[in-house]
Amino acid sequence: MASVNVNIRMDADLKKEFEEFCSNVGMNMTTAFTIFARRTVRENRIPFEVSADCRRAAIHQVPVDPTPAQGTATKRPEDMFEEIKQDFNI
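Quick note: the sequence shown uses UniProt numbering, first residue 1, plus one each step.
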């Protein structure tokens, strides 16, 4: 399958933060956008809820205790990324 370049314009600070996130989970921005595109096409929808103003909604949310409850299993980002790679045969 031939590859093509796709140019995306975004805020410089957002790009930096997104690159850092991708690096922390062991991938680059190309892989992240490819995962998004494949899932969008497979499910024929944007794979998350889109709202008009997330910042406004976040102001009204009740703070959540970030510590997991006793006995709750949590996954490491590396484990979650491995599951994603298996789902997309990457």
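The beta-carbon is built from N, C-alpha and C at its ideal position, and this holds for glycine as well.
Measure the beta-carbon distance from residue i to residue j and round it to whole angstroms, keeping in mind my assumption that it falls under 8 Å.
i, j, result
"residue 27", "residue 19", "About 10 Å separates the two Cβ atoms, so there is no contact after all."
"residue 37", "residue 22", "Not quite, the Cβ-Cβ distance comes to about 15 Å (not below 8 Å), so this is no contact."
Specify, as a first and last residue, the run of the alpha helix (DSSP H) that residue i falls within.
i, result
"residue 43", "29-43"
"residue 10", "Where residue 10 is concerned, there is no enclosing alpha helix (DSSP H), given that its DSSP letter is neither H nor E."
"residue 85", "77-87"
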